[in-house]
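Counting with the numbering used here, you get residues 26 to 462 for the letters of the sequence shown.
Quick notes on the structure that follows.
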Amino acid sequence: LKISSNSLLRAAPLEEDKVSKMAEGHDFTVLVCGGGNAAQVACGMFSHRYKTIAVSFFADEAAKWKAALGSSDFELTLMPLEEGATPKVIKSKPHDITNDPKVAAQADAIILVVPSFAHGEYFEKFAPYMKPGTIVATMPARSGGDLVFNKMLGDKAKDMIFCGFETLPWACRFTEWGKKATILGIKNSIIGAVTPPSKTTYAMATLQGLVGVTPWLQESPNNLGISMRNPGMIVHPGVMYGRWNPEVWDGKPKDSKPLFYQGVDDYTANVLEQMTNEAQATCRKMEELCPGLSLKDACTLQQWYMDCYDGQMSDTSSLKACMNTNKAYDGLTHPCKEEGGKFMPDLKYRYLAEDVPTGLCFAKGLAEILEVPTPMMDKVMTWAQGCIGLEILIDGKMCGKDIGQTRAPQGVGIITLEAFKAAAKIDCAEASSCTVS
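As structure tokens, then:
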């Protein structure tokens, strides 16, 4: 094993900082943002070892959670992989549960486990209190999370460490809200990107220590790759469109809820294939215009299934087959509302209300800047924006009155490649190197 002197020099300040903090009596402090399944699981897991503060700005969720837990410990059950093995139970208690943003001043790490549309609110409220060097990790980041972070923190963003992850580490659920939760499964690995890259080793090691041995937190070259890898921006709007758009649905209620992933037919598969191909064309154009930039992790949708669900699909010959035969999707249906014993689609569900503004809009917006045609994305977005009551796309251009409610680059006034590179901190040399600073 060879360790370079440069590596040791880079590591030294971190060690000095740790010693300094211990001398001051500072306990490593992590903020967990949110109050849903994953946030409560994260809080229960981290509180077992570290000073953990739960923060929720949603209505009176923090007060309700604090009251529900009372003086009791939070109980987290981890289901084993081995058949017949006894589940592990972790009992812990967060240091506090609050809606006060001032606690950000105590944080060494802030983990956002909230819907992506809420990220901006947390960034903005924490910004005045955050200390330099704070690690801010979004799980998942969705698309353009780094741009939102930079916008909300302004000049202060350069002193922070932003980490965007592709997904949540766990599949989990409440068993008793605010008191008990269960981890049903832990992903083998998830990928994430760190800005600035010089802090990657420190940030990834810190976050790996929080989540444990699994999932393995793998490094991605840049946050743009994470943004364009986002499967939800294609799968969720694409499958909803494929089932419920006027070309294929007569508007009448269904006798039962249709299967979501396992119900993908040839028509929907074609929609998804075209959308993922348009995203790929956008990535390749970006790499062409920025020599040395790697968007290798922004893979096709079929490859994403191969990466994430290897061994759980009985047929991987096509995208449709991957989705239809994925055991992890057994029984999962379209979001529907019951009406008179039959079912109508919930077209304001997060698959459209979240994944269009915070996912698809980013990809479409970047494609527009790069002059990459996206006819299927346009078709899906035009239909979806009507469902969720937003005006985003007008005559194929990202210039609707509600563009500011999305993560499209145009939503923060970015309409040129140079402006996008500056906002995303992508520095492309004229030769063959490209870095993300």
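All residues carry an ideal CB built from backbone N, CA and C; glycine is no exception.
Every value quoted in this text rests on a predicted model; they were computed, and no experiment measured them.
Alpha-carbon spacing of LEU249 relative to VAL173, whole angstroms: 13 Å
C-alpha distance - LYS279 paired with GLY267, whole-angstrom precision: Rounded to the nearest angstrom, the two C-alpha atoms are 15 Å apart.
Environment of LYS373 [buried if 16+ CB atoms lie within 10 Å]: exposed
Closest Cα partner of HIS232 within the set ALA162, TYR292, VAL289, GLN299: Correcting the residue identity first, residue 232 is Leu in this sequence and not His. The alpha carbon of LEU232 has as its nearest neighbour, out of ALA162, TYR292, VAL289, GLN299, the alpha carbon of ALA162.
C-alpha distance - LYS389 paired with TYR227, whole-angstrom precision: 33 Å
Meets three-Cβ-pair contact criterion under 8 Å: the region 206–222 and the region 60–74: yes
Close beta carbons around MET47, own chain, < 7 Å, minus the five adjacent residues each side: Bear in mind that the predicted position of MET47 carries a pLDDT of just 44, short of 50, making it too unreliable to give a figure here.
Helix, strand or coil at PRO157 [DSSP, three-state]: coil
Classification of LYS450 by the beta-carbon crowding that lies within 10 angstroms, buried from 16 upward: buried
Residue span of the beta strand (DSSP E) that contains PHE190, given as start and end: 186–190
Inter-stretch contact (C-beta, 8 Å, three-pair minimum) for the region 349–365 and the region 281–295: yes
The region 432–452 / the region 164–182 touching (three or more Cβ pairs under 8 Å): yes
Outcome for PRO316 when other beta-carbon atoms lying within 10 angstroms are tallied against a minimum of 16: exposed
LYS367 to TRP269 span [Cα, whole Å]: Here the alpha carbon of LYS367 sits roughly 15 Å from the alpha carbon of TRP269.
Nearest-angstrom beta carbon gap, ASP335 and ARG254 [assumed within contact, 8 Å]: In fact, because the Cβ distance is near 16 Å, the residues do not count as touching under 8 Å.
Sequence-distant residues of its chain with Cβ nearer than 8 Å to VAL114 (five each side left out): GLU100, LEU101, THR102, LEU103
Inter-residue Cα distance where the pair is ASP42 and THR220: Confidence is the limiting factor: at ASP42 the pLDDT is only 49, short of 50, which leaves the residue's position unreliable, though a coordinate-based value still follows. Taking the CA atoms as reference points, ASP42 sits about 20 Å from THR220.
Simplified DSSP state of PRO271, which is helix, strand or coil: coil
Spatial neighbours of ILE440 in its chain, beta-carbon cut-off 7 Å, leaving aside the 5 residues before and after: When the five nearest sequence neighbours on each side are left out, the beta carbons in the same chain lying within less than 7 Å of the beta carbon of ILE440 are those of ILE394, in order along the chain.
Those runs of the beta strand (DSSP E) which lie wholly inside the region 209–236 and span at least 3 residues: Taking 3 residues as the minimum length, the beta strand (DSSP E) runs contained wholly in the region 209–236 are 214–220, in order along the chain.
Given ALA130 as reference, the closest of ALA304, GLY158, GLU107, PRO140 once Cα atoms are compared: GLY158
Where SER117 sits in the DSSP three-state scheme: Residue state, collapsed to three classes: strand.
Nonlocal neighbours in the same chain, by C-beta distance under 7 Å from MET369, ignoring five residues either side: PRO278, CYS361, LYS362.
With 16 other Cβ atoms within 10 Å as the buried cut-off, status of LYS446: Result: buried.
Neighbourhood of LEU442 by C-beta, 8 Å cutoff - its chain only, sequence neighbours within 5 removed: LEU314, ILE394, LEU395
Burial state of ILE251, where buried means 16 or more other Cβ atoms lie within 10 Å: buried
Stretch pair the region 90–99 + the region 132–149: three plus CB contacts closer than 8 Å: By the Cβ rule, the region 90–99 does not count as touching the region 132–149, because fewer than three pairs are nearer than 8 Å.
Sequence-distant residues of its chain with Cβ nearer than 7 Å to LEU418 (five each side left out): ASP403, MET406, THR407, GLN410, GLY425
DSSP-derived helix/strand/coil call for MET47: At MET47, the pLDDT of 44 sits below 50, so the modelled position is not reliable and the matter cannot be decided from this model.
MET338 in three-state terms, based on DSSP: strand
Alpha-carbon to alpha-carbon, ALA84 and TRP274: 37 Å
LYS202 - containing beta strand (DSSP E), residue span: Looking at the sequence itself, residue 202 is Trp, so the reference to Lys does not match. Here TRP202 belongs to no beta strand (DSSP E), and DSSP marks it neither H nor E.
MET70 - DSSP class collapsed to helix/strand/coil: helix
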